[in-house]
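From first to last, the protein sequence lines are chains S and X. Mapping of the first sequence onto this note's numbering: residues 3 to 279, in sequence order. Mapping of the second sequence onto this note's numbering: residues 28 to 324, in sequence order. Just so it is clear, CB atoms sit at the ideal spot from N, CA and C, and this is done for glycine as well. All remarks here apply to the structure that follows.
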Amino acid sequence: MLQTVPASSEKADAPKDTILSVDNIEVVYNEYVLVLRGLSLTVERGSITALLGANGAGKSTTLKAISGLLKSEDGEITRGSITFDGQIISHQEPERTVRSGIFQVMEGRRIIQDMTVLENLKLGAFTRSDGGVKDDIDLVYSYFPRLKERTGLAGYLSGGEQQMLAIGRAMMARPKLILMDEPSMGLSPLLVKEVFGIIKRLNEDFGVTILLVEQNAAMALACARHGYIMENGKIVLDGPAEELRENEDIKEFYLGGSGERKSFKNIKSFKRRKRWL
Amino acid sequence: MNWSLLVQLLANGLIVGMLYGVVAMCFVLIYKSTQVVNFAQGEFLVLGAWVCLWFITDMQMPFIVAFLFTLVFMTLFGIMIQVVILRPLIGEPVVSVIMVTIGLSIFLQALMNWIFGNSAERFPQVFETESVNVAGLNVESAYLMSLVMSVLIMGGFYLFFRFSKYGLAMRATAFNQQTAQSLGISVRQVFALAWAISAIVSGVAGIIIGMVNSVSSSLAIIGIKVFPAVILGGLDSIVGAVIGGIIIGLLENFAEFVDGQFLNWGNLFTIAPFYVLIIILMIKPYGLFGTKDIERI
Ligand SMILES: Nc1ncnc2c1ncn2[C@@H]1O[C@H](COP(=O)(O)OP(=O)(O)O)[C@@H](O)[C@H]1O
Ligand SMILES: [Mg+2]
């Protein structure tokens, strides 16, 4: 329908099949706090796309704008549009967005603590009415054998297990696009590795598109195809993940820094940007 | 001391208490899923009883048909109350919402007085025999039905919240609305469902009480008695509501026994639950099963 960019007019090479496109959106909380200031990005079907940026840059807000969860926080898209699979979804209710195939794994996992693992997984399939739910529960258990052993309340799971449950719950919805908000938050390096391994496997095994928000830029760029860097409610840089990995600024500010500081101006900017980490 | 009277009264207490538990569950269900304190709970009971009676006497329906029609009516009524009155109030201060439910209670009282009159009316005989003998106890048929219905409703609640998709969705919504939305659950639907279930079950309870006593606006007193029950059990615990209801029922009848045998005050059973209410509020303000972070009103 409103597929804005015909494949041929895009840069030059391979045609791009866009599943999600966010065009110049502006988001306001509580009617006056402007958080996103004209943000645009596109996500290619079947890819993992990383969205990186400092704390407070507006990453979670971007995901909530896409999923529609913004409304329950008194946030509103005041300009621009979001197109998913050819449909404009900018002002859609979140439950409809889930039904159209977008599932957000929110920051902090948001497990339902007073329910069991199984009940949480069943709820992931809330919008489905096909008969495959039972099989999918087994499928999730095959990805996360540890979850199967946990029969008590989900609130007693460790942070890593809760993250796995959150991802498993997303699998239960069989979405086309998963919006994943900081899956590595609060996890040990070993677990972070495991979680990213699983994200990559999900993408390969099911072809599910993933928009991955992270502060752990190294990890995210290692598994993403394309990356966006945002600052202050806008995209400031984007490119293929391998290019971003080589980018000097990003190396310095996100990937542990190797280059020396060249001028006073850079030092200032370094200090400012160091809070990104 | 009259032991058989005591046993009889405690059996009554248990049966009535189970019914209080059912009404308390309705109250807690609404509080837990929509954060509304429903002061019109008692009027829901009266409405169910009046409507069922109206179907029987004015529409000449057999009891069971009238009962089913009442369930349908109460479903629509519950949804309508939520959609028309409470949905616009989402996000308003707790106190405003409480005022509205108190207003609703008064409005329904007046409306029912106008439509159904203010004299008590009896249900026609539904059971063949007035009472049956269970293990040496003389139990009125209506009480027995009350017990059976209470157990069925409680069992139904358990199965619904444990296994059904919408039961899980309601629990998820009670836990966190935004999380529920992120799973594709419509919070509006859940709210409407909570009011519908509460209205249906209240209606059933009203019919049962109407059959045991008679139908009049004074049935709404059950809606008040539910407060000691839910405060005893904890405002947000469904299991607590049941246990609180049973305790209040037993206590009432025990108070009646003590009063009748020793004190002869004549009204201890009506006030005993409220003494308990005050004592509970003093020593355990969140009830036996409630969570601490809920606000007291
Ligand atoms: N519900 C809200 N109401 C008002 N301001 C908010 C709300 N959520 C986030 N913000 C503000 O929006 C900005 C971006 O937040 P967020 O999207 O959470 O950033 P990030 O996920 O990149 O850390 C922050 O300045 C934050 O204070
Ligand atoms: Mg965030």
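Asked                                                                                                                        : Found
Interface positions of the segment 207-231 of chain X facing chain S (Cβ-Cβ less than 7 Å), listed along the chain           : Q208, S209, L210, G211, I212 and S213
Distance cut-off 8 Å: V37 of chain S Cβ against heavy atoms of ligand 1                                                      : yes
N- and C-terminal bounds of the beta strand (DSSP E) containing D25 of chain S                                               : T20 to Y31
Same chain only: Cβ atoms within 6 Å of M88 of chain X, ignoring 5 sequence neighbours per side                              : F82
Close Cβ partners of F289 of chain X (< 6 Å) along its chain, the five nearest in sequence each way excluded                 : none
Residues near T102 of chain X in its chain [Cβ-Cβ closer than 8 Å; skip 5 each side]                                         : A223, A226 and I227
I79 of chain S to S23 of chain S span [Cα, whole Å]                                                                          : 15 Å
Residue-level contact to chain S via CB, Q109 of chain X, 9 Å cutoff                                                         : no
Short CB-CB distance (under 9 Å) between I321 of chain X and chain S                                                         : Residue placement at I321 of chain X is poorly supported in this model, since its pLDDT is 44, which falls under 50; the coordinates still yield a value, given next. No, because no Cβ of chain S sits closer than 9 Å to the Cβ of I321 of chain X.
CB of V253 of chain X within 9 Å of CB of V50 of chain X, strictly                                                           : yes
Chain X within 9 Å of L282 of chain S, Cβ atoms only                                                                         : As shown, chain S starts at 3 and ends at 279. That puts residue 282 of chain S outside it, with no answer to give.
3-residue-minimum beta strand (DSSP E) runs that sit fully inside the segment 150-226 of chain X, ordered along the chain    : 158-161 and 164-167
8 Å Cβ shell around M232 of chain S - same chain, five flanking residues per side excluded                                   : L41, L53, L54, G55, A59, G60, K61, T64 and V238
Stretch-stretch touch, CB-based, cutoff 8 Å, three pairs: the segment 155-174 of chain S with the segment 214-233 of chain S : no
beta-carbon D183 of chain S near ligand 2 non-hydrogen atom, thresh 8 Å                                                      : yes
Segments of 4+ residues assigned as alpha helix (DSSP H) that fall wholly inside the segment 37-61 of chain S                : none
Cβ-Cβ distance between G230 of chain X and C79 of chain X below 9 Å                                                          : yes
Under 7 Å by beta carbon: chain S residues contacting L195 of chain X                                                        : E121, K124 and L125
CB contact below 9 Å: A282 of chain X versus chain S                                                                         : no
Residues sharing a beta bridge with R81 of chain S, DSSP                                                                     : S:E28
Residues that DSSP places opposite K253 of chain S in a beta bridge                                                          : According to DSSP, K253 of chain S bridges with nothing at all.
Chain S contact residues for N203 of chain X, given Cβ-Cβ distances below 8 Å                                                : R112 and I114
Under the three-state DSSP convention, the category I310 of chain X falls into                                               : helix
Residue environment, S186 of chain S, which counts as buried when at least 16 other CB atoms sit within 10 Å                 : buried
Separation of I201 of chain S from G162 of chain S, as counted between CA atoms                                              : 14 Å
Segment contact flag, the segment 164-181 of chain X with the segment 33-53 of chain X, C-beta cutoff 8 Å, min 3 pairs       : yes
DSSP three-state assignment for E95 of chain S, whether helix, strand or coil                                                : coil
Under 8 Å by beta carbon: chain S residues contacting R149 of chain X                                                        : By Cβ distance, chain S contributes nothing, its closest Cβ being about 45 Å from R149 of chain X, past 8 Å.
Same chain only: Cβ atoms within 7 Å of E216 of chain S, ignoring 5 sequence neighbours per side                             : A52, L54, E184, S186 and A222
Y158 of chain S (DSSP reduced to helix, strand or coil)                                                                      : helix
Buried or exposed (CB count within 10 angstroms, at least 16 for buried), A93 of chain X                                     : buried
Completely contained beta strand (DSSP E) runs for the segment 94-139 of chain S, where each covers 3 or more residues       : 104-107
Rounded C-alpha distance that separates D116 of chain S from N294 of chain X                                                 : 42 Å
Chain X residues whose Cβ lies nearer than 7 Å to that of P2 of chain S                                                      : Past the boundaries of the shown model lies residue 2 of chain S; chain S is included only from 3 to 279, so the question cannot be answered.
Q87 of chain X - DSSP class collapsed to helix/strand/coil                                                                   : coil
Paired residues, beta bridge with M232 of chain S - DSSP                                                                     : S:G55 and S:I237
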